[in-house]
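**Q** Would you mind keeping the following structure in view while I ask a few things?
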Amino acid sequence: MLCPSNKFALKLNQYYVERVIPRKNSIYKAIREVSKVVTEVLHEVEAQEPRFISSLNETNDRFEGLTVKSQTEFEVVLYLNQMGVFNFVDDGTIPGCAVLKLSDGRKRSMSLWVEFITASGYLSARKIRSRFQALVAQSCEKCPCRSYVQLLTDTSEQIKIKYDLFSFTYGVSSKEEQDEY
């Protein structure tokens, strides 16, 4: 006969094997599938607008900016580049999934971003977000998995996409949540 602590350990191990491991594996498979779709959409956005650069990175089996909300719901946060730095950073150190190319090779050049500059001379985060949202909508219509991808209309600053059984949210933000940088 097993002592009570051994029975508990046995039941705990049984629960882990029967419930936790299968759920963990299903979430892992879902993350892989969602990351493929996110990559396809972001590459299509980059093809339409080279100023938005896809950089969904996997580090230690984790995707930067991807959060699991539930077994069927995921959130992908896209960080915009720091607006005070106007040179292009391509070393992959920026967290998130998309970065902005803020120069065209000349030092302190803002010629690529004229349409997003406010009257006071700052980049408007609202204008950039709305442009990015329009590009994601077009990308969802053009991407190879368009029969599974659906853009959900929402009035918030987030872009919500539903993919078959999974839904994920693009939240475009910067380190400082301000309208102007």
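Heads up: the sequence shown runs through residues 1 to 181, numbered per UniProt numbering.
Don't be surprised by glycine CBs; every beta carbon is placed ideally from N, CA and C.
Output the boundary residues of the alpha helix (DSSP H) element that contains F52.
**A** Residue mapping note: residue 52 aligns to position 52 of the sequence shown, counting from 1. Unbroken run through F52 is the beta strand (DSSP E), 52–54; no alpha helix (DSSP H).
**Q** Give me the Cα-Cα distance between L123 and F132, rounded to the nearest whole angstrom.
**A** Here the question's residue 123 lines up with position 123 in the sequence shown. Here the question's residue 132 lines up with position 132 in the sequence shown. Their backbone Cα atoms lie some 14 Å apart in a straight line.
**Q** Under 8 Å between the Cβ atoms of V38 and L56?
**A** If you number the sequence shown from 1, residue 38 lands on position 38. If you number the sequence shown from 1, residue 56 lands on position 56. Going by C-beta atoms, V38 is nearer than 8 Å to L56.
**Q** Is it the case that the stretch 58–74 contacts the stretch 139–152, given that we only count it when at least three CB pairs across the two stretches are under 8 Å?
**A** Counting Cβ pairs under 8 Å, fewer than three are found: no touch.
**Q** Starting from the C-beta of A9, find all residues in its chain whose C-beta is less than 8 Å away, skip the five residues before and the five after it, and write them out in chain order.
**A** Residue mapping note: residue 9 aligns to position 9 of the sequence shown, counting from 1. Excluding residues within five positions, none has a Cβ falling inside 8 Å.
**Q** Excluding the 5 residues flanking T59 on each side, which residues of the same chain have their C-beta closer than 7 Å to its C-beta?
**A** Position 59 of the sequence shown, counted from the start, is the residue given in the question as residue 59. Nothing meets the Cβ criterion.
**Q** Taking its Cβ as the centre, do 16 or more other Cβ atoms sit within 10 Å of Y15, making it buried, or is it exposed?
**A** As a working note, residue 15 is residue 15 in the sequence shown. Under this definition Y15 is an exposed residue.
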